[in-house]
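Numbering follows this note's numbering, in which position 54 of the sequence shown is assigned residue number 688; successive positions increment by one, without gaps. Virtual Cβ for every residue (Gly too), placed ideally from N, Cα, C. Note that the structure is a prediction, hence the values are computed from the model and not measured. For reference, the structure is listed below as structure tokens.
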Amino acid sequence: MQAAQRSKGPAPSPGADPADPAGAAAQPPRGESGAWRTTVRLYQDRGLAGFYQGLRPSLVMVVNPTIQYVLYEWLVARLRALRRPAAAAVGRKPRIGAADVFVLSSLAKVGATLCTYPMLVVKSRLQVGGMTAA
């Protein structure tokens, strides 16, 4: 009986049904918007080059992990070089511990971010301002 009482009341709002998360009633009529219409409009307005606007700044941001990796490897090599004389005195190879890895990887991340942050700012401002970047 309680279940029957709970079902009485206002109808659920569109999108409240878990089987329909987007809410079919909230969707615009077919053909007026959507991915296909946006694709067609972009092609008509800017041609094939319109799909690749902003590609260069995005590709520049891909360099961040590369810089981080190179910096990390360089820092590890420098640390091993610093520890080599002490380790050789006791007949061992220089070792890199977990704390060393943490500190060196953090420094590498900071270095990579410092290198690429200006480009990230420019990219963000171009996106927000609506300016075009080829």
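From which residue to which residue does the alpha helix (DSSP H) around residue i run?
i	result
P728	Premise fails: P728 is in no alpha helix (DSSP H) and is neither H nor E.
A723	V697 to A723
A669	A669 to R680
What residues in its chain sit with their C-beta under 7 Å from that of residue i, if we drop five residues either side in the sequence?
i	result
A727	A small fix is needed here, since residue 727 is Lys in this sequence, not Ala. Around K727: A721.
For residue i, which residues in the same chain have their Cβ closer than 6 Å to its Cβ, ignoring the five residues on either side in sequence?
i	result
T673	none
R714	P728
Would you report the Cα separation of residue i and residue j, rounded to the nearest angstrom?
i	j	result
R717	S758	43 Å
R729	R712	12 Å
D734	V762	40 Å
R753	V737	Correcting the residue type first, residue 753 is Met in the shown sequence and not Arg. Approximately 25 Å, taken between the alpha carbons.
N698	C749	8 Å
W670	L676	10 Å
R690	Q678	22 Å
A775	L709	Not covered by the structure: residue 775. The range shown for the chain is 635 to 768.
V756	G668	29 Å
A659	V696	Interpretation of A659 is limited by its pLDDT of 47, a score under 50 that renders its predicted location unreliable; the figure taken from the coordinates is listed afterwards. Each residue's alpha carbon lies about 40 Å from the other.
R719	S739	Looking at the sequence shown, residue 719 is not Arg but Pro. Each residue's alpha carbon lies about 24 Å from the other.
T700	V694	11 Å
G725	G731	18 Å
P684	Y751	Checking the sequence, you will find Gly at residue 684 rather than Pro. About 26 Å.
Considering only residues of the same chain and omitting the five flanking positions on each side of residue i, which have a CB-CB separation below 8 Å?
i	result
R680	Q687
Would you say residue i faces chain D, with C-beta separation under 8 Å as the test?
i	result
R726	Given the protein chain composition of this structure (a single chain), no chain D is represented.
Exercise. Do the stretch 702-715 and the stretch 739-750 touch if we need at least three Cβ pairs shorter than 8 Å?
Worked result: yes
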